[in-house]
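To start, the structure itself, in structure tokens.
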Ligand code: SF4
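Protein chains in written order, with this note's numbering: chain A, -15 to 623; chain B, 28 to 344.
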């Protein structure tokens, strides 16, 4: 991706590049993530497009220098908007050679990848370690990596007594120098990151940063220039969970009621530090059930509340969500998805909760399910969710995932508006003669009495009930109530716009996605299109009710395929070929709701999909259809 | 009462509520069920205190006693089994202006919702929690409750309940930050009323265990106490529940108990040889969660927008 134009910075070669993928890989606990997040934030603050993905070890307490222990972060930065983690890295900083194997097995590098490797292992007292190191060096050479051995830890010793802990900021200095980052911005970022730890810690980390930069000037003979993105839009740099927190505040919510659960908790951590500034508070409940019950209590009393959780928490909240459906209590539930079922992969990404979100309740339980595809959407969809919850008197589940939760990205600064806020609660007398469920027979919508409204007194119940909220067990009342609740989804669906197709509106293949895979899918589609393939993609934000217009979109393509980050059987099943396999979750829903034959490709590796992976699948599917780029250049007639 | 003041002048209230203003649907509990008496007592307190029906919220879980809100003409929340307390706390969190009454049963509170029981007591938000203890699951037809006496024959333990019963009053006194714990019986309307009245007037979570007769399934359990008041122990104290001496005289066994004495309260609550009624423990100075949950209620939209923009600046490039 390097452009030809080069210039010199000092004595070193500076190359202007469009984008780079940088990784910092270490044993867990060496602070690589903090280093990378700071690097990403500084880059974003310099106007670059940025996307960060944490590399989380496969084990909870992995031994040091082990493949399973690979921990760290990937930062993709460029002179344009970056929407996903990309494919192979350009430059890697590694604290030991073994953790690199953890990444190699995930195809993170390619010939030419530059590796800045801690060299102290060559002189390790243990001959085994020495040997392993030497052997790995040879292997890396065979694989075509460009390895630069650097005595980083030794250099750190001059500035800290515990290089194990300080190395990360030293490496930040190295990276800042290589990518010519504004050192003042990095120093300011360190001051912000360590603000709670006091002056001493800030100063020593800042010194390490300076030392790292100096070290790079002396030991690395190249550097890169990554120009800022064009445009003058005001940007904010944050991760997805912070974006949810900001969204919660911008929606004017008064309460977040939560119970600690990975990877959702950091959204509440963020809010706990700032929520009082907007007159609101975070309630840490005694359990997940109480968290949603408390939020429902607030909402029943007219105050907007939401609960933020992950899969296992969503499971525990199911009964209460059903009550919110039945009794029509507005409620926002954010589910930051992780791998499941049960404890599953607590720190890792998966899109496995879609069906649980749509259907996870006994009985017919129509509710709204949205999925954020970007960090920007994490912010804005919370605001949308609150409005929908209140307008439709319904629970709204907003799905994000572990990838969005920790990914740092610049987003356009929203202009916060009063109309985003929940309006003050209505305490005027309730209109006489109007029942608490005055369902509009066409839309199922009805206004809601709030405690404090004279004449609105009613008893909310989870039992089947009439418009008066009177318990009713008769067949007609039950059928009618269910229909009214279902009508709300139909009414909402009728007000939605069809999604936009990325690429041409007709072709051989359309890839359908949802959630955080957006960037990777579109990049893969663009690659295939550049080669002449007639492939497009469409991304669904409204999963329940399903966004309208998909069937008409699908009719213009020969093949429709979902790409998802969840488990599915191969289409031909696992045993005999007469019993089709269990499809991916979106595919299952699309089959039912669009009455089309929907193909799917999904895996659940616990990490984001890369554009290269998706590209390979697209080409594979097209080739299996007998489509090649030359053929696609002609017009193919379709039925 | 009636707007009549101590100097005999009369204030004409803009709204005056009579008992009828609190009477919802016709109560469908079995005849002779103790729940009827509790309902009447609460309606009387609402009337005496002139609680605006629109500012009164009755929250319940599931069970016979949890039908309570349906029979009140206030706002009501008849939610999920075991989950009345989290909802009630949520209602109170940002609406300190609402009067919250919680109706919960021994299965609802002490079994499926036991976790919430502990924590709601600790939150100590201003509300009255009435534990209707009939020592059985009534609504689902005679399963063993956590409070069922040993030997009680039920549908789930036809050979008789085997485990020693939970002691909700003793347990509650033991929960951190408990601020008001009392015990009464449904068959003494004066004591029931006086206890709930004191509970209402206490600022904080008032926990009242009400021994409640269930003629349908556990008719025998409280019979001996009803027939023979000498089997019971009336707790008296100037800071306790004060009833008409004529009523108090029914109980030959009385004991002065200072409700600020927590270890003594616990000892009494653990007694098996008698059924004590009265105020076990009260501490009006315990922290109440709404002291922090209700902060910021007076903020204006402009103030919030300014604060939010300032927060966004922190993320700005
Ligand atoms: S079953 Fe028992 S507790 Fe239930 S209503 Fe009848 S008497 Fe009351």
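Quick reminder that beta carbons are idealized off the backbone N, C-alpha and C, glycines included.
- Among the residues facing chain B, residue 153 (chain A) is not included, as its CB has no counterpart in that chain under 8 Å away.
- The alpha-carbon of residue 101 (chain B) is positioned some 21 Å away from that of residue 277 (chain A).
- Between residue 154 (chain A) and residue 320 (chain B), the C-beta gap is not smaller than 8 Å, which leaves the two residues out of contact.
- Secondary structure at residue 523 (chain A): strand, using DSSP grouped into helix, strand and coil.
- For a Cβ distance threshold of 7 Å, residue set 334, 338 of chain B lies close to residue 261 (chain A), ordered along the chain.
- In this structure, DSSP gives residue 140 (chain A) a helical state, which the three-state scheme calls helix.
- Of B:71, B:314, B:49, B:110, the smallest CA-CA separation from residue 300 (chain A) is found for B:110.
- Counting along the chain, residue 584 (chain A) sits inside the beta strand (DSSP E) bounded by residues 582 to 586.
- Distance check between residue 236 (chain B) and each of B:293, B:60, B:246, B:196 places B:196 closest, using alpha-carbon atoms only.
- Against residue 397 (chain A), the close residues of chain B are 339, 343, in the order they occur along the chain (beta-carbon pairs closer than 7 Å).
- In the DSSP annotation of this structure, the continuous segment of the beta strand (DSSP E) that includes residue 77 (chain A) starts and ends at 75 to 78.
- Residue 235 (chain A) has its alpha-carbon roughly 13 Å from the corresponding atom of residue 263 (chain A).
- Two segments are said to touch when three or more pairs of C-beta atoms, one from each, lie closer than 8 Å; by this definition the segment 357 to 377 of chain A does not touch the segment 329 to 344 of chain A.
- With the criterion set as a beta carbon lying under 7 Å from some beta carbon of chain A, the members of the segment 69 to 85 of chain B are 80, 81, 82, 84, in sequence order.
- Residue 339 (chain A) has its alpha-carbon roughly 50 Å from the corresponding atom of residue 104 (chain A).
- The residue among A:251, A:55, A:237 with its C-alpha nearest the C-alpha of residue 315 (chain A) is A:237.
- If only complete runs of 4 or more residues are kept, the segment 473 to 556 of chain A shows the alpha helix (DSSP H) at 502 to 514, 534 to 539, in order along the chain.
- Within the segment 27 to 40 of chain A, the residues whose Cβ lies closer than 9 Å to any Cβ of chain B are, in chain order, 28, 29, 30, 31.
- Residues of chain B with a Cβ closer than 9 Å to the Cβ of residue 545 (chain A) do not exist, since the nearest Cβ in that chain sits about 37 Å away.
- Taking a C-beta distance under 8 Å as the contact criterion, residue 173 (chain A) and residue 26 (chain A) qualify as a contact pair.
- The continuous stretches of alpha helix (DSSP H) do not include residue 44 (chain B), and DSSP gives it neither H nor E.
- With a threshold of 8 Å between beta carbons, residue 100 (chain B) makes contact with chain A.
- Rounded to whole angstroms, residue 546 (chain A) and residue 522 (chain A) show a C-alpha spacing of 9 Å.
- Inter-segment contact for the segment 68 to 85 of chain B and the segment 429 to 439 of chain A is present: three or more beta-carbon pairs are separated by less than 8 Å.
- A Cβ of chain A is located within less than 8 Å of the beta carbon of residue 107 (chain B).
- Between residue 220 (chain A) and residue 342 (chain B), the CB-CB gap stays under 8 Å.
- Remark: the C-beta of residue 49 (chain B) is outside contact range of ligand 1, defined as less than 7 Å to any heavy atom.
- Using a Cβ-Cβ cut-off of 8 Å, residue 46 (chain B) does not count as an interface residue toward chain A, since no Cβ of chain A sits closer than that to its own.
- Judged by DSSP secondary structure, residue 143 (chain B) falls within the alpha helix (DSSP H) whose first and last residues are 141 to 150.
- DSSP places residue 452 (chain A) in the coil class of the three-state scheme, outside both helix and strand.
- Look at residue 374 (chain A) here: in three-state DSSP terms it is helix.
- The beta carbon of residue 317 (chain B) lies closer than 8 Å to those of 119, 120, 123, 152, 153 in the same chain, with the five residues before and after it left out.
- In the DSSP assignment, residue 92 (chain B) is bridged to no other residue.
- If you measure from each CB to the nearest heavy atom of ligand 1, the residues under 6 Å come out as B:56, B:57, B:60, B:62, B:91, B:161, B:165, B:241, B:242, B:243, B:244.
- Using beta-carbon distances, residue 273 (chain A) counts as an interface residue toward chain B, with a partner under 8 Å.
- Within chain B, 343, 344 have C-beta atoms less than 8 Å from the C-beta of residue 218 (chain A), given in sequence order.
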